[in-house]
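Novice: My questions all concern the structure below.
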Amino acid sequence: EGDQLPPEHTVRQYETSKIRAIKAGTLEKLVENLLTAFGDADFSYISIFLATYRAFASPRAVLELLLDRFGNLETSSHGGVANLNSLESEMVLRVEIASVLRAWLDQCSEDFREPPDYMCLLKLLGYLKNNMPNSDMESRVQNLLKQFQNQEVEAVDGFCSTSSSDLVDGEELEISNLEEFSSFQDHVVAEQLTYMDVMLFRRVVPYHCLGSIWSQRDKKENKNLAPTVRATITQFNAVTKCVISTILGTREIKIQQRAKIIEKWIHIAHECRILKNFSSLRAIISALQSNSIYRLKTTWMCVSKDILLMYEELSEIFSDHDNYLTSRELLMKEATSKFANLDSSEKENQKKSQKRLQLQKTKGVMQGTVPYLGTFLTDLIMLDTALQDYVEGGLINFEKRRREFEVIAQIKLLQSSCNSYCLIPDQKFIQWFRRQRHLTEEESYKLSREAESAADTNILSPKSQKSMVKRISTLFLGTDVFTPPKEQPLKSSPVGGSSGESTDSGSVSSCEFNHSETEDVCVTPVSSPEDPLKKSSVGSDKGYDSDKGSISSDKGSGSSKGSIFDPGSGSDSGSIPTRDSGSVPSSGLKVLPVYNRQSGGSCIIRVSMDGLHASVYKSILITNQDRIPDVTHRALLKHNLEPDAVEDYELVQVISEDKELVFPRDANVFYGMNSHVNFDFILRKKA
1 EGDQLPPEHT VRQYETSKIR AIKAGTLEKL VENLLTAFGD ADFSYISIFL
51 ATYRAFASPR AVLELLLDRF GNLETSSHGG VANLNSLESE MVLRVEIASV
101 LRAWLDQCSE DFREPPDYMC LLKLLGYLKN NMPNSDMESR VQNLLKQFQN
151 QEVEAVDGFC STSSSDLVDG EELEISNLEE FSSFQDHVVA EQLTYMDVML
201 FRRVVPYHCL GSIWSQRDKK ENKNLAPTVR ATITQFNAVT KCVISTILGT
251 REIKIQQRAK IIEKWIHIAH ECRILKNFSS LRAIISALQS NSIYRLKTTW
301 MCVSKDILLM YEELSEIFSD HDNYLTSREL LMKEATSKFA NLDSSEKENQ
351 KKSQKRLQLQ KTKGVMQGTV PYLGTFLTDL IMLDTALQDY VEGGLINFEK
401 RRREFEVIAQ IKLLQSSCNS YCLIPDQKFI QWFRRQRHLT EEESYKLSRE
451 AESAADTNIL SPKSQKSMVK RISTLFLGTD VFTPPKEQPL KSSPVGGSSG
501 ESTDSGSVSS CEFNHSETED VCVTPVSSPE DPLKKSSVGS DKGYDSDKGS
551 ISSDKGSGSS KGSIFDPGSG SDSGSIPTRD SGSVPSSGLK VLPVYNRQSG
601 GSCIIRVSMD GLHASVYKSI LITNQDRIPD VTHRALLKHN LEPDAVEDYE
651 LVQVISEDKE LVFPRDANVF YGMNSHVNFD FILRKKA
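Given below as structure tokens:
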């Protein structure tokens, strides 16, 4: 106390204090704690409760408890106050209830949207008239009720709807599409995609993303569940399908023209990166990695080196390495920043990027951030799967809700950042986007084969062949001499590394980034011996499913329905090989192992843990030398479990809903498995 310090110095003193936090409780006690949370210094409790209570209660149940049991100023017992009829206790209770109701209306006004009766809103209005007449709260509730009653029902997926009346003769549509698309500048397309994504993302109701709600979307009675999330997924898939249809929709164009379209989409993806629109960015990258586009080997050869470098860098953002750590860190880093951070860009692209950013800064234009919603949906489903809803004694596990709120809070933060966008809709582009005729997976694969076969029939002159060989060598091998890649044994495939490793994707490719979240565009086409690079799945473990609105794994490989984003699958994911991989797309390569098909003594199986959600699986590469202990050991490692516990688990192949195949302890998995059904396995603890 007597120390003398110079004027410019200060002393900081820190104090540690304990904060009371609810970990579990009955619904009645959790609602009662809403009234005492501020006094107990648990300031985040109300926000956590309001953001997550839909997982264990309805708005009506909470409102009845709050108003009937605790809000009756004449009969309620609150805070241990002896004389409940005293003016002081009534004032305290009135202030607490008003605080909770105000927070409820501020944060979750959508909870009261219950057309056509609006029972909860009318009940709340009646309570306010009796206990808080002529208050600001009463007028606010009245205005909200009028707003709901006067609002017309809007289709949340209006941007993506395509009516048959918009379509004309197929050939005319293809030609006009290509010409009109080429007329749009790259930054205009990116801005309009961002505008549509922002409008939909801002409408997302956060509790719709909760795992306990989102995981119920496939039930027939829940076909209208979480419409705001479904709309976002529909837009994501529409962008992906648009990319594929513009590349493959016109048959009569030359290889160089098709390559220019691919280059244009890569430029648009880069513009989306500058605008911090990670949703459309991932949709475009996913489309370019789909099987029907990936297999256009001759077309990709005509894409310039600088554009390929840009494409490679953009693809690496969504690498599944370490649970998509790159995209997560980048998203949080730029969530509230005014502009994108492009310091890591390739030198060839830095000048263009910095010029565009400088132009935005000069104009004073700020951007928000549009995330890839699938990341959050996946995290919330994983939390819902891993943590119990109730603890001992039947108490609601509120600690689980705190964990979920951490993810919900990130979504809300990004939604608020989207208010920084200042984008004007371009009706010409939006109408063009709506008119797009989306190709089915079978159509896109057929057109892809036609385009590639047409390219193969064009006999190149010796000079052109020499130039092309040197070009491939420069792009992918980084040398001036082309040397064909050596065929590697299957145990050391470019991606899997060894039979004990593989990516968590349904397919193996020469790159690490092989995710695509499209639904109808990228289902695995019918098996064809003409395409040895054909894979079975577009996505990573999860992908968008627009029909079902889900994050799910791909089951089977022949149909587009029920397989894709969630965050859910059924298509090919490929990518142009990187220079480091030392490989080029060529029909001379050894057939790579794939899911749902045994080839060359190897295949890929999917292993999920018994009791977990079906979408939580790991893809494992096996060979004809692998036995049960080896596969079980790798599966445990993949699921981050103790690998020494091999003897405690059994491996089971799912044959159908009511039939499964249990393997003996030392069985050879490759020869013992049923190859006529999906290669889906369950790792189950022995009884």
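Residue 127 in UniProt numbering sits at position 127 of the sequence shown, with consecutive numbering throughout. The beta carbon of each residue, even a glycine, is placed where N, CA and C say it ideally should be.
1) Check each candidate in His321, Ile628, Leu193, Thr632 and name the one with the smallest Cα separation from Phe433.
2) Inspect the CB distances between the segment 287-301 and the segment 210-218 and report whether three or more fall short of 8 Å.
3) Within its chain, find whatever has a CB closer than 6 Å to the CB of Phe56; leave out the 5 residues flanking it on each side and keep chain order.
4) Please report the residue range of the beta strand (DSSP E) in which Val662 lies.
5) Whose C-alpha, out of Glu28, His270, Glu442, Phe201, is nearest the C-alpha of Gly249?
6) Taking all protein chains shown into account, do 16 or more other C-beta atoms lie within 10 angstroms of the C-beta of Lys220, making it buried, or fewer, making it exposed?
7) Rounded to whole angstroms, what's the CA-CA distance from Asn674 to Asp630? Just pull it up for me.
8) Measuring straight from C-alpha to C-alpha, what distance separates Asp389 and Lys400?
9) Grouping DSSP H, G and I as helix and E and B as strand, with all else coil, what is Val391?
10) Under 7 Å between the Cβ atoms of Phe318 and Ser304?
11) How long is the line joining the alpha carbons of Glu96 and Asp322, rounded to whole angstroms?
12) Could you tell me whether the Cβ atoms of Thr369 and Glu334 are closer together than 7 Å?
13) What residue does the beta strand (DSSP E) around Val11 start on, and which one ends it?
14) Opposite Lys685 in the DSSP bridges: which residues?
15) According to DSSP, simplified to helix, strand and coil, what is Gly249?
16) Whole angstroms is fine: what's the gap from Glu114's alpha carbon to Cys120's?
17) Buried or exposed, going by whether 16 or more other CB atoms sit within 10 Å of the CB of Lys276?
18) Ignoring anything shorter than 3 residues or poking outside the segment 380-439, list the beta strand (DSSP E) runs there in chain order.
19) Who are the near neighbours of Ile682 in its chain, counting only those whose CB is closer than 7 Å to its CB and skipping five residues on each side?
20) Could you pull out every residue in the same chain whose Cβ sits closer than 7 Å to the Cβ of Trp302, ignoring the five residues on either side in sequence?
21) If you scan the segment 119-150 from start to end, which runs of the alpha helix (DSSP H) of 4 or more residues do you find wholly inside it?
22) Output the distance between the C-alpha atoms of Gly570 and Arg449, rounded to the nearest integer angstrom.
23) Rounded to whole angstroms, how far is the Cβ of Leu105 from the Cβ of Arg140, which I believe are closer than 8 Å?
24) In terms of alpha-carbon separation, which member of Ile247, His208, Cys242 lies closest to Arg230?
25) Whole angstroms is fine: what's the gap from Gln431's alpha carbon to Ser315's?
26) How many Å lie between Cys108 and Lys686 at the Cα?
27) Can you pull the DSSP bridge partners for Arg202?
28) Taking a contact to mean a Cβ-Cβ separation below 7 Å, would you say Ala283 touches Val239 in this structure?
29) In three-state terms, what does DSSP make of Gly25?
30) Using a 10 Å radius around the Cβ and a threshold of 16 neighbouring Cβ atoms, would you call Asn134 buried or exposed?
31) Of all the options Thr299, Leu641, Glu32, Val62, which has the alpha carbon lying nearest to the alpha carbon of Lys123?
32) Ignoring anything shorter than 4 residues, give me the alpha helix (DSSP H) runs that lie fully in the segment 222-274, in order along the chain.
33) Distance, Cα to Cα, residue 689 vs Tyr294?
34) Taking the straight line between their C-alpha atoms, what separation do you get for Asn72 and Arg60?
35) Skipping 5 residues on each side, what residues in its chain have a beta carbon closer than 8 Å to that of Thr52?
36) Pull up the CB-CB distance for Glu32 and Phe70, whole angstroms please, since I reckon it's below 8 Å.
Specialist: Here's the rundown:
1) The count along the sequence shown starts at 1 and reaches residue 433 at position 433. Closest option to Phe433, Cα to Cα, is Leu193.
2) no
3) Counting from 1 along the sequence shown, the entry for residue 56 is found at position 56. Correct list, in chain order: Ile396.
4) Within the sequence shown, numbered from 1, the residue matching residue 662 stands at position 662. Val662 -> beta strand (DSSP E) spans 659-662.
5) Locating residue 249 in the sequence shown gives position 249, where the first residue counts as 1. Residue Glu442 is the option with its Cα nearest to Gly249.
6) As a first step, residue 220 is located in the sequence shown; it is residue number 220 there, counting from the start. The residue in question, Lys220, is exposed, as its Cβ has fewer than 16 Cβ neighbours within 10 Å.
7) Residue mapping note: residue 674 aligns to position 674 of the sequence shown, counting from 1. Residue mapping note: residue 630 aligns to position 630 of the sequence shown, counting from 1. Each residue's alpha carbon lies about 19 Å from the other.
8) The residue labelled residue 389 in the question sits at position 389 within the sequence shown. The residue labelled residue 400 in the question sits at position 400 within the sequence shown. So the two alpha carbons sit approximately 7 Å from each other.
9) Locating residue 391 in the sequence shown gives position 391, counting from the first residue. Residue state, collapsed to three classes: strand.
10) Residue 318 sits at position 318 when you count from the first residue of the sequence shown. Residue 304 sits at position 304 when you count from the first residue of the sequence shown. Taking 7 Å as the Cβ cut-off, Phe318 and Ser304 do not qualify as a contacting pair.
11) Within the sequence shown, numbered from 1, the residue matching residue 96 stands at position 96. Within the sequence shown, numbered from 1, the residue matching residue 322 stands at position 322. When rounded, the distance between both Cα atoms is 45 Å.
12) Walking along the sequence shown from the start, residue 369 turns up at place 369. Walking along the sequence shown from the start, residue 334 turns up at place 334. Yes.
13) Within the sequence shown, the letter at position 11 stands for residue 11. Where Val11 is concerned, there is no enclosing beta strand (DSSP E), given that its DSSP letter is neither H nor E.
14) Walking along the sequence shown from the start, residue 685 turns up at place 685. According to DSSP, Lys685 bridges with Tyr649.
15) Indexing the sequence shown from 1 puts residue 249 at position 249. The answer is coil: DSSP assigns Gly249 none of H, G, I, E or B.
16) Locating residue 114 in the sequence shown gives position 114, where the first residue counts as 1. Locating residue 120 in the sequence shown gives position 120, where the first residue counts as 1. Whole-angstrom Cα-Cα distance: 8 Å.
17) Here residue 276 corresponds to residue number 276 of the sequence shown, with the count starting at 1. Buried.
18) 395-397
19) As a working mapping, residue 682 is identified with position 682 in the sequence shown. Around Ile682: Ser608, Asp610, Val652, Val654.
20) Within the sequence shown, numbered from 1, the residue matching residue 302 stands at position 302. Reading off the sequence, residue 302 comes out as Cys, not Trp. So the qualifying residues of the chain are Ile255, Gln256, Ala259.
21) Qualifying alpha helix (DSSP H) stretches, in chain order: 119-131, 136-150.
22) Here residue 570 is taken as the residue at index 570 of the sequence shown, counted from 1. Here residue 449 is taken as the residue at index 449 of the sequence shown, counted from 1. Here Gly570 scores only 37 on pLDDT, less than 50, and its place in the model should not be relied on; the value that follows carries that caveat. Near 19 Å, if we compare the C-alpha coordinates of Arg449 and Gly570.
23) Counting from 1 along the sequence shown, the entry for residue 105 is found at position 105. Counting from 1 along the sequence shown, the entry for residue 140 is found at position 140. About 7 Å; that satisfies the 8 Å criterion.
24) Residue 230 sits at position 230 when you count from the first residue of the sequence shown. Answer by Cα proximity: His208.
25) Taking the sequence shown and counting its residues from 1, one reaches residue 431 at position 431. Taking the sequence shown and counting its residues from 1, one reaches residue 315 at position 315. Going by the C-alpha atoms only, they are around 29 Å apart.
26) Numbered from its first residue, the sequence shown carries residue 108 at position 108. Numbered from its first residue, the sequence shown carries residue 686 at position 686. One C-alpha to the other measures close to 46 Å.
27) By 1-based counting over the sequence shown, the position of residue 202 is 202. None; Arg202 has no bridge partner.
28) Residue 283 sits at position 283 when you count from the first residue of the sequence shown. Residue 239 sits at position 239 when you count from the first residue of the sequence shown. Their beta carbons are under 7 Å apart, which means Ala283 touches Val239 by this criterion.
29) Here residue 25 is taken as the residue at index 25 of the sequence shown, counted from 1. Note: Gly25 maps to strand in three-state DSSP.
30) Along the sequence shown, read from residue 1 onward, the residue named residue 134 stands at position 134. Exposed, by the Cβ-count rule.
31) Position 123 of the sequence shown, counting from 1, holds the residue named residue 123. The option with the nearest alpha carbon to Lys123 is Val62.
32) 227-248, 255-274
33) Residue coverage of the chain in this structure runs from 1 to 687, which leaves residue 689 outside it and unanswerable.
34) Looking up residue 72 in the sequence shown gives position 72. Looking up residue 60 in the sequence shown gives position 60. So the two alpha carbons sit approximately 17 Å from each other.
35) Here residue 52 refers to the residue found at position 52 when the sequence shown is read from its first residue. If we look at Thr52 and ignore the five residues flanking it on each side, its Cβ neighbours are Tyr207, Leu210, Arg401, Glu404, Phe405, Ile408.
36) Within the sequence shown, the letter at position 32 stands for residue 32. Within the sequence shown, the letter at position 70 stands for residue 70. Contact holds; Cβ gap of about 6 Å.
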